[in-house]
Amino acid sequence: MDFPWLTTIILFPIVAALFVPFVPDKDGKTVRWYALVIGLIDFCLISYAFYTQYDLDNPGLQLVERYSWIPQLNLNWSVGADGLAMPLIILTGFITTLAILAAWPVSFKPKLFFFLMLAMYGGQIAVFAVQDILLFFLAWELELIPVYLILAIWGGKKRQYAATKFILYTAGGSLFILVAALTMAFYGDTVTFDMQEIALKDYGMTLQLLLYAAFLIAYGVKLPIFPLHTWLPDAHGEATAPAHMLLAGILLKMGGYALIRMNAGMLPDAHAVFAPALVILGVVNIIYAALTSFAQRNLKRKIAYSSISHMGFVLIGIASYTDLGMSGAVLQMVSHGLIGASLFFLVGSTYDRTHTLMLDEMGGVGQKMKKVFAMWTTCSLASLALPGMSGFIAELMVFVGFATSDAYSLTFRIVVVFLAAVGVILTPIYLLSMLREILYGPENKELVEHENLVDAEPREVFIIGSLLVPIIGIGLYPKILTQMYDATTVELTAKLRDAVPTLSDNSKVAQALPFSLKKAPSLDR
Numbered sequence: 257m258d259f260p261w262l263t264t265i266i267l268f269p270i271v272a273a274l275f276v277p278f279v280p281d282k283d284g285k286t287v288r289w290y291a292l293v294i295g296l297i298d299f300c301l302i303s304y305a306f307y308t309q310y311d312l313d314n315p316g317l318q319l320v321e322r323y324s325w326i327p328q329l330n331l332n333w334s335v336g337a338d339g340l341a342m343p344l345i346i347l348t349g350f351i352t353t354l355a356i357l358a359a360w361p362v363s364f365k366p367k368l369f370f371f372l373m374l375a376m377y378g379g380q381i382a383v384f385a386v387q388d389i390l391l392f393f394l395a396w397e398l399e400l401i402p403v404y405l406i407l408a409i410w411g412g413k414k415r416q417y418a419a420t421k422f423i424l425y426t427a428g429g430s431l432f433i434l435v436a437a438l439t440m441a442f443y444g445d446t447v448t449f450d451m452q453e454i455a456l457k458d459y460g461m462t463l464q465l466l467l468y469a470a471f472l473i474a475y476g477v478k479l480p481i482f483p484l485h486t487w488l489p490d491a492h493g494e495a496t497a498p499a500h501m502l503l504a505g506i507l508l509k510m511g512g513y514a515l516i517r518m519n520a521g522m523l524p525d526a527h528a529v530f531a532p533a534l535v536i537l538g539v540v541n542i543i544y545a546a547l548t549s550f551a552q553r554n555l556k557r558k559i560a561y562s563s564i565s566h567m568g569f570v571l572i573g574i575a576s577y578t579d580l581g582m583s584g585a586v587l588q589m590v591s592h593g594l595i596g597a598s599l600f601f602l603v604g605s606t607y608d609r610t611h612t613l614m615l616d617e618m619g620g621v622g623q624k625m626k627k628v629f630a631m632w633t634t635c636s637l638a639s640l641a642l643p644g645m646s647g648f649i650a651e652l653m654v655f656v657g658f659a660t661s662d663a664y665s666l667t668f669r670i671v672v673v674f675l676a677a678v679g680v681i682l683t684p685i686y687l688l689s690m691l692r693e694i695l696y697g698p699e700n701k702e703l704v705e706h707e708n709l710v711d712a713e714p715r716e717v718f719i720i721g722s723l724l725v726p727i728i729g730i731g732l733y734p735k736i737l738t739q740m741y742d743a744t745t746v747e748l749t750a751k752l753r754d755a756v757p758t759l760s761d762n763s764k765v766a767q768a769l770p771f772s773l774k775k776a777p778s779l780d781r
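Counting from 257, one number per residue, gives the positions in the sequence shown under my numbering.
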């Protein structure tokens, strides 16, 4: 019970990364096994800590550890996990371990590559686990360095441009986190960086709105939210398969997690004002990105815009003011992490064989690569929210949660649900047309003659199979995942509703307004 589980889980891969330069290796074959073993051990530690130490019925922080770090600044090493953090910690361990396996063919500077992968492993978990707001900022910033280097060194032809754009957008957004975090820490009579203590401070309404706006910009870059999204297609367009998996599977989820943890959890009154805007931005994400994906002829950019579209459901769920909608938002983050990682891994595998990303240059490759054909089809069906897959359950929960919300007028809900449904209809159209251009139809003779279109190897089948197991498992029995965070999301939703008296009193929605949140007396403070 007293074992420092989270500290060990965070620091173990980081410390192990420091020994990578001393691994005797010339061609990268030894260091990749070393990194994979470290990744597997850490994932086993995460799984063991969850199954033996985590109480599903406890909505509060668990596995809490607190050590004094810099007493003069009241800065502590404070970590813990609740229903918001634990699913994403498990997802991080799972996706990162598979990403290490996906990096098996890396032969250029393999020691540096796997050093960055292991360092990133611990940094990503730290973002979800730390409970000190200044420590959160440091983990958020340190995690950016490995991503930048992986893009800049192992990316495509425009890797320098993509990496620079990534760091400018994300580091620029981080400045808003720093300013808002320091403001909250120094506000009032006491100086504290502890997130739970910060959340209890009584901020003036104007300050709450400014803090919320600052966090929204910072986390909107990472989610990403239109119009702060343009770095993502460029980054995905130049990344390698392992970097794809980490970007789609984990990094985007940091933005959603932080929006729930800080914006909604710490600033509930300001959330009442911004919630309608989140819904509108979510709809814009869904429609705009789906339409833009249609126009993309580059396979990586097409899937990248698909990711932006799917993350729009997270915004709607966060702003729904219902238990079901909030639960759907968390489920969508985990589901998209799995599905996005699978699709981008297949993009990398297909490029390794065809040496092209342009859909116009493909065609009929499924005739020679039957296993790749089967994996592409299954993962694309999961992405378009086929019933029985995790994406269907997540999007359905968001839809029903928002449609039944008493926070908004009937007219507003009908319009939002209709527009979001249009995005849902667009998704299978562009995904199925993508499959047709890659796998079906006549073979491109020039491609077949000049490229070795070998079928999927066992390593690739294992990676996709490992991702499909939870995708289908959650789709058939979502309680596997929802029971992990239900207690936390229910408590959080109740807190948000308490900030809006018209909701906590279960009164009728004002018919003259597009949404009832403007009626909150708490906004007059």
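Every residue gets a Cβ at the ideal spot worked out from N, C-alpha and C, and that includes glycine.
(message) I'd like to check one pair, Ala-526 with Phe-658: are the Cβ atoms closer than 9 Å?
(response) By 1-based counting over the sequence shown, the position of residue 658 is 402. By 1-based counting over the sequence shown, the position of residue 526 is 270. No, these two residues do not count as a Cβ contact at 9 Å.
(message) Using the Cβ count rule (16 or more neighbours within 10 Å means buried), how would you classify Trp-541?
(response) By one-based count along the sequence shown, residue 541 stands at place 285. According to the sequence shown, residue 541 is Asn rather than Trp. Asn-541 should be labelled buried.
(request) Give the DSSP-derived three-state secondary structure of Tyr-561 in the structure shown. (result) Start at 1 with the first residue of the sequence shown, and residue 561 comes out as number 305. Here Tyr-561 sits in helix by DSSP.
(request) Determine the direct distance from the alpha carbon of Pro-524 to that of Phe-601, and round the result to whole angstroms. (result) In the sequence shown, the residue the question calls residue 601 occupies position 345. In the sequence shown, the residue the question calls residue 524 occupies position 268. Approximately 38 Å between the Cα atoms of the pair.
(message) Considering just the uninterrupted stretch of the alpha helix (DSSP H) at Tyr-323, what are its terminal residues?
(response) Here residue 323 refers to the residue found at position 67 of the sequence shown. Looking at the DSSP string, Tyr-323 is not in any alpha helix (DSSP H); the run it does join, the beta strand (DSSP E), is 318 to 326.
(message) Given a cut-off of 9 Å on the beta-carbon distance, is the pair Pro-684 and Leu-748 in contact?
(response) Translated into the one-based positions of the sequence shown, residue 684 becomes position 428. Translated into the one-based positions of the sequence shown, residue 748 becomes position 492. The answer is no: Cβ separation not under 9 Å.
(request) Give every residue of the same chain whose Cβ lies closer than 7 Å to the Cβ of Ile-345, excluding the five residues on either side of it in the sequence, and list them in chain order. (result) Position 89 of the sequence shown, counted from the first residue, corresponds to residue 345. Ile-302, Ala-337, Ile-381, Phe-384 and Ala-385.
(request) Keeping to the same chain, check which residues put their C-beta closer than 6 Å to that of Ile-572; ignore five residues upstream and five downstream. (result) The residue you call residue 572 lines up with position 316 of the sequence shown. Around Ile-572: Val-535, Gly-538, Val-654 and Phe-658.
(request) May I have the straight-line CA-CA distance separating Leu-580 from Met-510, to the nearest angstrom? (result) The count along the sequence shown starts at 1 and reaches residue 580 at position 324. The count along the sequence shown starts at 1 and reaches residue 510 at position 254. Using only the alpha carbons, I get a separation of about 21 Å.
(request) Can you grab the Cα-Cα spacing for the pair Asp-258 / Thr-348, in whole Å? (result) Along the sequence shown, read from residue 1 onward, the residue named residue 258 stands at position 2. Along the sequence shown, read from residue 1 onward, the residue named residue 348 stands at position 92. Distance between the alpha carbons of Asp-258 and Thr-348 is about 24 Å.
(message) For Gly-493 and Gly-604, I'd like the C-alpha separation in whole angstroms.
(response) One-based indexing of the sequence shown puts residue 493 at position 237. One-based indexing of the sequence shown puts residue 604 at position 348. Looking at the two C-alpha atoms, the distance is approximately 11 Å.
(message) By alpha-carbon positions, which one of Leu-390, Val-287 and Lys-414 ends up nearest to Pro-361?
(response) To locate residue 361, count along the sequence shown from 1; it is residue 105. When only C-alpha atoms are compared, the closest one is Val-287.
(request) Below 7 Å CB to CB, which residues in the same chain sit around Ile-736 once its five sequence neighbours on both sides are set aside? (result) Along the sequence shown, one-based indexing puts residue 736 at 480. Closer than 7 Å at the Cβ level, and outside the excluded window around Ile-736, lie Gly-729 and Ile-730.
(message) What would DSSP say about Tyr-475, mapped onto helix, strand or coil?
(response) Position 219 of the sequence shown, counting from 1, holds the residue named residue 475. DSSP places Tyr-475 in helix when its eight states are reduced to three.
(message) Does the segment 363 to 373 come into contact with the segment 400 to 413, if we say contact requires no fewer than three beta-carbon pairs (one atom in each stretch) closer than 8 Å?
(response) yes
(request) Using three-state DSSP, classify Asn-541 as helix, strand or coil. (result) Numbered from 1 along the sequence shown, position 285 holds the residue referred to as residue 541. DSSP places Asn-541 in helix when its eight states are reduced to three.
(request) Run the CB neighbour count on Ala-677, radius 10 Å, all protein chains shown included, and call it buried at 16 or more, exposed below. (result) Position 421 of the sequence shown, counted from the first residue, corresponds to residue 677. With fewer than 16 other Cβ atoms within 10 Å, it is exposed.
(request) Take the Cβ of Lys-556 as the centre, count every other Cβ of all protein chains shown within 10 Å, and call the residue buried at 16 or more, exposed below. (result) Within the sequence shown, numbered from 1, the residue matching residue 556 stands at position 300. Flag for Lys-556 reads buried.
(message) I need the DSSP call for Ser-636, collapsed to helix, strand or coil.
(response) The residue given as residue 636 occupies position 380 in the sequence shown. Three-state DSSP puts Ser-636 in a helix.
(message) For a quick check, are the C-beta atoms of Val-335 and Met-376 less than 9 Å apart?
(response) Mapped onto the sequence shown, residue 335 falls at position 79. Mapped onto the sequence shown, residue 376 falls at position 120. No; because the gap between Cβ atoms is not below 9 Å, this pair is not in contact.
(request) Run the CB neighbour count on Leu-732, radius 10 Å, all protein chains shown included, and call it buried at 16 or more, exposed below. (result) Taking the first residue of the sequence shown as position 1, residue 732 is located at position 476. Exposed, since its Cβ has fewer than 16 Cβ neighbours within 10 Å.
(request) Mind listing, in chain order, the continuous alpha helix (DSSP H) runs of no fewer than 4 residues lying wholly within the segment 683 to 717? (result) 701 to 706
(request) Hey, could you find the ends of the beta strand (DSSP E) Val-279 is sitting in? (result) The count along the sequence shown starts at 1 and reaches residue 279 at position 23. Taken as a continuous stretch (DSSP letters only), Val-279 belongs to no beta strand (DSSP E), as it is neither H nor E.
(message) Just to check my reading of the structure: Val-621 and Leu-709 have Cβ atoms closer than 8 Å, yes? What is that Cβ distance to the nearest angstrom?
(response) Looking up residue 621 in the sequence shown gives position 365. Looking up residue 709 in the sequence shown gives position 453. Sure, about 6 Å apart at Cβ, within 8 Å.
(request) Have a look at the DSSP bridge pairing and note the partners of Val-570. (result) Walking along the sequence shown from the start, residue 570 turns up at place 314. Bridge partners of Val-570: none, in fact.
(message) If you reduce the DSSP assignment to three classes, tell me which class Leu-331 lands in.
(response) Locating residue 331 in the sequence shown gives position 75, counting from the first residue. Three-state result, Leu-331: strand.
(request) Can you tell me which of the three DSSP states Asn-519 falls into? (result) On the sequence shown, position 263 is the one that residue 519 refers to. Three-state result, Asn-519: helix.
(message) Taking the alpha helix (DSSP H) that Thr-353 belongs to, which residues open and close that run?
(response) Indexing the sequence shown from 1 puts residue 353 at position 97. Per DSSP, Thr-353 belongs to the alpha helix (DSSP H) from 341 to 358.
(message) Determine whether the beta carbon atoms of Arg-753 and Tyr-468 lie at a separation below 9 Å.
(response) Walking along the sequence shown from the start, residue 753 turns up at place 497. Walking along the sequence shown from the start, residue 468 turns up at place 212. The answer is no: Cβ separation not under 9 Å.
(request) Under 7 Å Cβ to Cβ from Tyr-323, same chain only, skipping five residues before and after it: list those, please. (result) Translated into the one-based positions of the sequence shown, residue 323 becomes position 67. Hits under 7 Å: Asn-332 and Trp-333.
(request) Could you check the C-alpha separation between Ala-630 and Ile-694 for me, to the nearest Å? (result) In the sequence shown, residue 630 corresponds to position 374, counting from 1. In the sequence shown, residue 694 corresponds to position 438, counting from 1. Each residue's Cα considered, the two are about 12 Å apart.
(request) Please work out which residues of its chain come closer than 7 Å, Cβ to Cβ, to Ile-423, disregarding the five sequence neighbours upstream and downstream, and give them in chain order. (result) The sequence position of residue 423 within the sequence shown is 167, counting from 1. Excluding positions up to five away in sequence, the list reads Leu-400 and Tyr-404.
(message) Just to confirm my understanding: we take Val-478, look at its own chain, exclude 5 residues before and 5 after, and list those with CB closer than 8 Å. What are they?
(response) As a first step, residue 478 must be located in the sequence shown, where it is residue number 222. Reading off the sequence shown, one finds Lys at residue 478, where the question assumed Val. Taken in chain order, the residues that qualify are Thr-426, Gly-429, Leu-507, Leu-508, Met-510, Gly-511 and Ala-514.
(message) Could you tell me the alpha carbon to alpha carbon distance between Leu-465 and Lys-285, rounded to whole angstroms?
(response) Locating residue 465 in the sequence shown gives position 209, counting from the first residue. Locating residue 285 in the sequence shown gives position 29, counting from the first residue. Cα to Cα, the separation comes out at about 53 Å.
(request) Mark His-566 as exposed unless 16 or more other C-beta atoms lie within 10 angstroms of its C-beta, in which case mark it buried. (result) Residue 566 sits at position 310 when you count from the first residue of the sequence shown. So His-566 ends up on the buried side.
(message) Tell me the DSSP secondary structure of Met-614 in three-state form.
(response) The sequence position of residue 614 within the sequence shown is 358, counting from 1. Here Met-614 sits in strand by DSSP.
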